[in-house]
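Colleague: Please see the structure below; I have some questions.
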Amino acid sequence: MLKTCEITSKQFEITNSDLEFLTKISPTFNGKRFEIPPPTISPEERMRRRTAHRNEWSFHHNKSAMSGKPLISIYRPDSGYKVYSHDEWFSDKWDPINYGQDFNENKSFFEQLHELDKNVPKLTTTAFNNENCEFTSGTGCCKNCYLINCSEYDEDCYYGKLIQSSKNCVDCAFIYDCELMYECFYVRNGYNCKFVYYSQNVVDCWFCDDLKNCQNCFLCTNLVGKKYHFFNQALAKEEYEKRVKEFVGSFQNFESAKKLFNDLRAKRIYKYANIINSENCTGDFINNCKNCLNSFEMNDSQDCKNIQVGVNIKDCMDCSNMYIKPELSYEVLSTLETYNIHFCLNVYYSNNMWYCLNCKSCKNCFGCSGLQNQEYCILNKKYSKEEYEKLTAKIITHMQKNTEWGEYFPISMSAIPYNESVAQDYLPLSKKEIENKNFKYGQEDPFSKHQGPEYEIPDNIINVKNEITDKILTCQESGKLYKILPAELKFYKQMQVPIPRLCPNERYRLRLKNRNSFTLYNRTCTKCFKPMQSTYSPNRPEIIYCEECYLKEII
Ligand SMILES: [Zn+2]
């Protein structure tokens, strides 16, 4: 059936299998079944509402509400939320049950939950089992990393997004099983590459796009199984090395190479979507998946719809940032290992949870915030199983009257200003638009101009001295000040790449532009005119091939 989005007034489709899914997850409390109603807003607006609650990149100097000690936080000091360090939050020095509230029939449920959530201290960043990774969020099992997010099992990685099982990578995004990579985007299994995009099994490559099983390639696109190629032409090893040597290390030469690279990228053949080893999937960046529709950045997953970032997930609809085997979820943002949780935010290692935020190792809770190892709680108050069933049934009936049942937390409940949230990456809004929609806007900290003489960065990395790590540099794009970390300098020298002239924020922003927005268009293959769904709109200038035409051409 077609429905009209209550926010945009645009029509969107609800299929029979969507309805079957909602029926399957509809719960029974106190002997009464509570059907989850079909969504009232479009999948895109649902994504906006959910991801407006996640901050991946904006870090703030805040202080612990327990010890008063300074700490790094994804929550602004002026947010009105209390934050604890990881040690404090996981300690027994506080008990979130002490913040418990009685349910009040005269107030809306979201109003009461928001009140509770504002009182309960938050974990300063969402990170687990890391070592020396203070400036990261949305990370797990990482060591010595700095300013990365959506990343697991990494070591010595800096400035990046979605970095999985990788080592010594700087300024990269969407990379898996990589080592010694610089400015790479969507690469699987890469070693010692610089400016390599959309590639698999690549070693010692520079400025390349869409390579498979290649080594020693420079300024190449659409190649499979090649070695010593320069501008897509085979060269003798000595000649290749001579040509590459003319470029390395120098900022000016890199700028020239980037221009040539951009020209090559505009002319190359693109596959309609980055879907690898998958069956019956639509979306983009999908690997080893089955029956995942309108989903993006998905790995090893099945039977999902409308997902942004999923690793090993099953039977989920309208979810974002789901990791390590979550199963059976609707409208959830950010989980690890959960079963049957719905309308939740940052809930980990838990099951049968409804409308909960920031909980770990819990089961059977409704409308709770910041709990650990609890069961049968409502608004952070403990109940017996029978009382829990009864009160939950009463609250859902109340929510049905207020049209809250079946809806995710409103954006007004978000602890994150819209412009610092992931929603801003996916669906950017101007300051004015944010204010017109009554979302929070986080003012940028004022930044001062550099005092004193500007440090002149040598053109070639070989001439850069260690003293640069004491200097304050000015971003050529934003005018913001930034520094080079000692480990970063060592990396640039080893990789023979020049010092970046842009600050990390600008680099991050530019890198994310390599990804199309999460909208699927109906269009045709440039070659055979077969209809297909792609994130490349029909009026984009690139050459877009269907799977068959692409495989015939790129060998
Ligand atoms: Zn075709």
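Residue numbers (the working numbering): 10 to 564. The C-beta atom is built at its ideal place from N, Cα and C for all residues, glycine as well. The structure presented is a predicted model; accordingly, all values stated were derived computationally and were not measured.
With respect to 7 Å, is the separation between the Cβ of residue 336 and the closest non-hydrogen atom of ligand 1 below this value?
Modeller: no
Colleague: Quick one: is the Cβ of residue 301 within less than 7 Å of any heavy atom of ligand 1?
Modeller: no
Colleague: Take the Cβ of residue 10 as the centre, count every other Cβ of all protein chains shown within 10 Å, and call the residue buried at 16 or more, exposed below.
Modeller: exposed
Colleague: In three-state terms, what does DSSP make of residue 25?
Modeller: helix
Colleague: Can you say whether residue 8 is buried or exposed, counting buried as having 16 or more other CB atoms within 10 angstroms of its CB?
Modeller: The structure shown does not extend to residue 8, since the chain is modelled only from 10 to 564, so the question has no answer here.
Colleague: If you draw a straight line from the alpha carbon of residue 474 to that of residue 494, how long is it in whole angstroms?
Modeller: Roughly 13 Å between the two C-alpha positions.
Colleague: Pull up the distance between the alpha-carbon of residue 368 and that of residue 183, whole angstroms please.
Modeller: 28 Å
Colleague: What does the Cβ neighbour count give for residue 50, buried or exposed, with the cut at 16 atoms within 10 Å?
Modeller: buried
Colleague: Please determine whether the Cβ atom of residue 557 lies at a distance below 7 Å from any heavy atom of ligand 1.
Modeller: For residue 557, the CB falls within less than 7 Å of some heavy atom of ligand 1.
Colleague: Please name the residue in 112, 243, 332 and 99 whose C-alpha comes closest to that of residue 380.
Modeller: 99
Colleague: Check whether the segment 333-352 touches the segment 132-151, counting contact only when three or more Cβ pairs, one atom from each stretch, lie closer than 8 Å.
Modeller: The answer is yes - the segment 132-151 touches the segment 333-352, with three or more Cβ pairs under 8 Å.
Colleague: Under 8 Å by Cβ, that's how I've got residue 179 and residue 131 pegged, so tell me the actual separation to the nearest angstrom.
Modeller: 30 Å between Cβ atoms; not a contact.
Colleague: Contact between the segment 12-22 and the segment 40-57: three or more CB pairs below 8 Å?
Modeller: They touch, by the three-pair rule.
Colleague: Residue 188 and residue 175 look like a contact to me (Cβ under 8 Å); what is the Cβ gap, rounded to whole Å?
Modeller: 7 Å
Colleague: With respect to the beta strand (DSSP E) encompassing residue 312, which residues constitute its N-terminal and C-terminal limits?
Modeller: 311-320
Colleague: For residue 44, which residues of its own chain have a beta-carbon under 8 Å away from its beta-carbon, when the five flanking residues on both sides are left out?
Modeller: 31, 32 and 35
Colleague: Across which residues does DSSP place residue 278 in a beta bridge pair?
Modeller: 552
Colleague: My assumption, with CB atoms under 8 Å, is that residue 303 sits in contact with residue 294. Please give the rounded CB distance.
Modeller: The Cβ separation is near 13 Å, so there is no contact.
Colleague: Considering only heavy atoms of ligand 1, does any lie closer than 7 Å to the CB of residue 545?
Modeller: no
Colleague: State the Cα-Cα distance for the pair residue 168 and residue 510, rounded to the nearest angstrom.
Modeller: 15 Å
Colleague: In or out: residue 280 buried (at least 16 other Cβ within 10 Å) or exposed?
Modeller: buried
Colleague: Rank 88, 166 and 127 by C-alpha distance to the C-alpha of residue 139 and give the top, closest one.
Modeller: 166
Colleague: Residue 161 to residue 173, Cα distance in whole Å?
Modeller: 5 Å
Colleague: Should residue 539 be listed as close to ligand 3, given that the test is whether its C-beta is under 7 Å from any heavy atom?
Modeller: By its list of ligands, the structure shown excludes ligand 3, since it contains just ligand 1.
Colleague: Let me check understanding here. Comparing Cα to Cα, which of 423, 272, 550 and 42 lies closest to residue 406?
Modeller: 42
Colleague: Looking at C-alpha atoms only, which residue of 195, 373, 417 and 389 is the closest neighbour of residue 524?
Modeller: 195
Colleague: Could you give the first and the last residue of the continuous beta strand (DSSP E) run that contains residue 79?
Modeller: Secondary structure note for residue 79: its beta strand (DSSP E) is the uninterrupted segment 79-82.
Colleague: At the level of alpha carbons, what is the spacing between residue 378 and residue 38?
Modeller: 21 Å
Colleague: Given this structure, state the Cα-to-Cα distance separating residue 198 from residue 122, to the nearest angstrom.
Modeller: 44 Å
Colleague: With respect to 7 Å, is the separation between the Cβ of residue 279 and the closest non-hydrogen atom of ligand 1 below this value?
Modeller: no
Colleague: On the DSSP letters alone, give me the boundaries of the alpha helix (DSSP H) that residue 60 sits inside.
Modeller: Note, residue 60: alpha helix (DSSP H), 52-60.
Colleague: Between residue 125 and residue 400, is the Cβ-Cβ spacing less than 8 Å?
Modeller: no
Colleague: Inspect the beta-carbon positions of residue 143 and residue 81 and report whether they are closer than 8 Å.
Modeller: yes
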